[in-house]
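Input: a single structure, listed below in structure tokens.
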Amino acid sequence: NLLEPIPQPPLKYFGLLGHAPEIDLTFPARSLWRLMDLYGPIYEANLQGRKVFVGTHALLSEMLDEDQWVKIPAAPQQELRAAAGDGLVTAFSHEKNWWKAHRLLTPSFGPLGIRRMFDDMLELSSQLVLKWDRYDPENEIDCVEDFTQLTFDTIGLCAFNFRFNEFYTDEVHPFAKQLGEVLIESGKRTHRPGLVNRLVFFRDEQRRQENIAQIHNLCDKIIRDRLENPKPDATDLLNVLLHGVDKDTREKLPIENVRYQIGTFLSAGYETTASTLSFIYYHLCDNPDKLTRLQREVDEVLGDKVITVDMLPKLVYLDACIKEAMRLNPPVNLFTRNPIEDRILGGKYSIKKEIPVSCLLRHLHRDTKIWGEDAEVFRPERMLNGAFEALPKGAWQPFGDGLRACIGRTFSFQEMHISIAQVLQRFDIRKADSSYKLVMRSNMTTKPANFKIKVSRRPGRG
Ligand code: HEM
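Below, the structure written as structure tokens:
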């Protein structure tokens, strides 16, 4: 028999808690990374059930066949169903509303649909530039905070014609706070036995349910506003969700599902982009030669003109910087699939059917067999001149893969292109603390901790 057991960390406390003691609940992904550094590119852990983790392209590439592997929402996503029900992210692939919403919304997220959102994105990106323009050059800008305002306003306006007006207040919108708390608590619940959740942490659950009720209230308000003030000509998601008829079933989405989809887009559509923007600025400030090259490109393409949609494809180095930052620091940590049948992985590891196998994207994206010996280095040039397109399938995976891949990829790229180009056109940027080295924090996504920049208006701009 050529099979080998999958490496496992030793169990503590007679195994009563499985491998839960290995996990730091304030940053679970970091614990998973540490275990991979210790036990190698495949290991198994008992975390409220058996789970397998892999971290190389060779292993991941065996998981991309959608006839053999399926997305079963992972435990934290299942906890989130209390808030997002059968919305796109948390739905099982066999659920009818997933298929209906997927078919209805896909055109809106295609290149033409996203192009139509350009003006709204530009308006909000310009608000960020105006805000920064008023700052003293010594003012320290908290990247995650400001990009969260930008991306939250953008998803609200582009998707639902709803203005959160984040730039007009100092406080984050209560929705973002409520959602953040729900995400954290949902994650924690999955690392605790059900009985402990029920008996010890019932107040936390009560608070989670209150937050969820508030989130639903906002989604219902958005629906009510539109039904009371119809906008027959609007091409935004809200009209598609409320009035679109699926061509296969000839049905509309149930109103409860519309609520879940609004909650889903408001949550999936901002934090990941805000984290990505923050990582990009970190890497640019940490690599001044790359920043200079990028600013040169922005000058060549935009000059002193207002950015237009036709300029976007010309910003090729910017595109490479975004891809490279997402390689080194993917904000979503895991790509999880479950085999439909028992399988052998890597030629020697037996995986029982329906056991979740998660690829740690951080390790995948630093696999030296794909990225070479300088895999740890920020080098956007590796994405240029057709090199990105020539990568093997699955090598760069920050948006997931297949039918259940991120529907918002083009949306977030356009949003990031506009914002970064506008900022670099107007400002010189630098780290607020020149000795800052990347420290990360995480709720369900990963982002830089306490990363601040300073901006000063470029000579001759404005
Ligand atoms: C799904 C990442 C931006 C909406 C996903 C998945 C990943 C991801 C990894 C797959 C999750 C899984 O396998 O369970 C990202 C990153 C983003 C981003 C890194 C930004 C840099 C957005 C934006 C939107 C969005 C801007 C909305 C406008 C969604 C939705 C799904 C999804 C609805 C579920 C797709 C489905 O299963 O049908 N995203 N996302 N995302 N994302 Fe994104």
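Using full-length UniProt numbering, the first residue of the sequence shown is number 7, and each one after it goes up by one.
For glycine and all other residues, C-beta sits at the position ideal for the given N, C-alpha and C.
- [ ] With DSSP as the reference, please indicate the residues paired to Asn344 in a beta bridge.
- [x] On the sequence shown, position 338 is the one that residue 344 refers to. Answer is Val76.
Task: Nearest candidate by alpha-carbon position, reference Lys460, set Asn145, Leu366, Val304 and Thr270 - done: Residue 460 sits at position 454 when you count from the first residue of the sequence shown. Of the candidates Asn145, Leu366, Val304 and Thr270, the one whose C-alpha sits nearest the C-alpha of Lys460 is Asn145.
Task: Rounded distance between the beta-carbons of Phe384 and Lys296, thought under 8 Å - done: Numbered from 1 along the sequence shown, position 290 holds the residue referred to as residue 296. Numbered from 1 along the sequence shown, position 378 holds the residue referred to as residue 384. The pair is a contact, with the Cβ atoms about 7 Å apart (cut-off 8 Å).
Open item on the list: For Thr270, tell me which candidate among Ala107, Leu41 and Glu68 has the shortest Cα-Cα distance.
Closed with: Working through the sequence shown from its first residue, we reach residue 270 at position 264. Thr270 has its Cα closest to that of Ala107, out of Ala107, Leu41 and Glu68.
- [ ] Report the residue from Ala381, Arg368, Asp439 and Arg256 whose alpha carbon sits nearest the alpha carbon of Leu41.
- [x] Locating residue 41 in the sequence shown gives position 35, counting from the first residue. Per the Cα distances, Arg368.
Task: N-terminal and C-terminal residue of the beta strand (DSSP E) that Tyr49 is part of - done: Sequence index remark: in the sequence shown, residue 49 carries index 43 (1-based). It spans Ile48 to Asn52 - the beta strand (DSSP E) in which Tyr49 sits, taken as one unbroken run.
- [ ] With a floor of 4 residues, list each alpha helix (DSSP H) that falls wholly inside the segment 14-60, ordered by position along the chain.
- [x] Runs found: 34-45.
Task: beta-carbon Leu283 near the ligand HEM non-hydrogen atom, thresh 6 Å - done: For the purposes of this step, residue 283 is taken as residue 277 along the sequence shown, with counting starting at 1. Leu283 has its CB no nearer than 6 Å to any heavy atom of the ligand HEM.
TODO: Run the proximity test for Ser418: is its beta-carbon closer than 6 Å to any non-hydrogen atom belonging to the ligand HEM?
DONE: For this step, residue 418 is matched to residue 412 along the sequence shown. The ligand HEM has a heavy atom closer than 6 Å to the beta-carbon of Ser418.
Open item on the list: Just to confirm my understanding: we take Cys149, look at its own chain, exclude 5 residues before and 5 after, and list those with CB closer than 8 Å. What are they?
Closed with: Within the sequence shown, the letter at position 143 stands for residue 149. In chain order, Leu283, Ser284, Tyr287, Tyr288, Pro454, Phe457, Lys458 and Ile459 place their CB closer than 8 Å to the CB of Cys149, counting only its own chain and leaving out the 5 sequence neighbours on each side.
Open item on the list: For the ligand HEM, I want to know if Val95 counts as a neighbour, meaning its beta carbon is within less than 6 Å of at least one of the ligand's heavy atoms.
Closed with: On the sequence shown, residue 95 is found 89 positions in, with the first residue counted as 1. Under cutoff, so the answer is yes.
Task: For His222 and Tyr323, the rounded distance between their alpha carbons - done: Counting from 1 along the sequence shown, the entry for residue 323 is found at position 317. Counting from 1 along the sequence shown, the entry for residue 222 is found at position 216. Per the coordinates, the alpha-carbon of Tyr323 lies some 41 Å from the alpha-carbon of His222.
Open item on the list: Using a 10 Å radius around the Cβ and a threshold of 16 neighbouring Cβ atoms, would you call Ala219 buried or exposed?
Closed with: Here residue 219 refers to the residue found at position 213 of the sequence shown. Ala219 sits exposed, since fewer than 16 C-beta atoms from the chains shown fall within 10 Å of its C-beta.
Open item on the list: At a cut-off of 6 Å, would you count Gln346 as near the ligand HEM, judging by its Cβ distance to the nearest heavy atom?
Closed with: The residue given as residue 346 occupies position 340 in the sequence shown. Looking at the sequence shown, residue 346 is not Gln but Ile. For Ile346, the CB stays at least 6 Å from every heavy atom of the ligand HEM.
- [ ] Using three-state DSSP, classify Ser441 as helix, strand or coil.
- [x] Residue numbering aside, residue 441 sits at position 435 when the sequence shown is read from its first letter. Three-state result, Ser441: coil.
TODO: Return the CA-CA distance between Ser132 and Trp75, expressed in angstroms with no decimal places.
DONE: One-based indexing of the sequence shown puts residue 132 at position 126. One-based indexing of the sequence shown puts residue 75 at position 69. In this model, Ser132 and Trp75 are separated by some 43 Å (Cα to Cα).
- [ ] Check Phe417 in the structure and name its three-state DSSP category.
- [x] Taking the sequence shown and counting its residues from 1, one reaches residue 417 at position 411. Correct three-state label for Phe417: helix.
- [ ] Using only the heavy atoms of the ligand HEM, determine whether one of them is closer than 6 Å to the beta carbon of Ala455.
- [x] Reading the sequence shown from its first residue, position 449 is the one you call residue 455. No, the Cβ of Ala455 stays beyond 6 Å of every heavy atom of the ligand HEM.
TODO: Tell me, please, which residues DSSP counts as bridged to Arg299.
DONE: On the sequence shown, residue 299 is found 293 positions in, with the first residue counted as 1. Partner(s): none; Arg299 has no beta bridge.
TODO: Could you tell me whether any non-hydrogen atom of the ligand HEM is closer than 6 Å to the CB of Cys412?
DONE: Within the sequence shown, the letter at position 406 stands for residue 412. Remark: the shortest separation between the CB of Cys412 and any heavy atom of the ligand HEM falls under 6 Å.
Open item on the list: Quick check on this structure: which residue in Arg195, Leu9 and Ser67 has the alpha carbon closest to the alpha carbon of Pro34?
Closed with: Mapped onto the sequence shown, residue 34 falls at position 28. Per the Cα distances, Arg195.
Open item on the list: Residues in the same chain with beta-carbon distance under 8 Å from Gly24, minus the five sequence neighbours each way, listed in chain order, please.
Closed with: Here residue 24 corresponds to residue number 18 of the sequence shown, with the count starting at 1. Counting only Cβ-Cβ distances below 8 Å, and skipping sequence neighbours, we find Leu17, Ala51, Asn52, Leu53 and Gln54.
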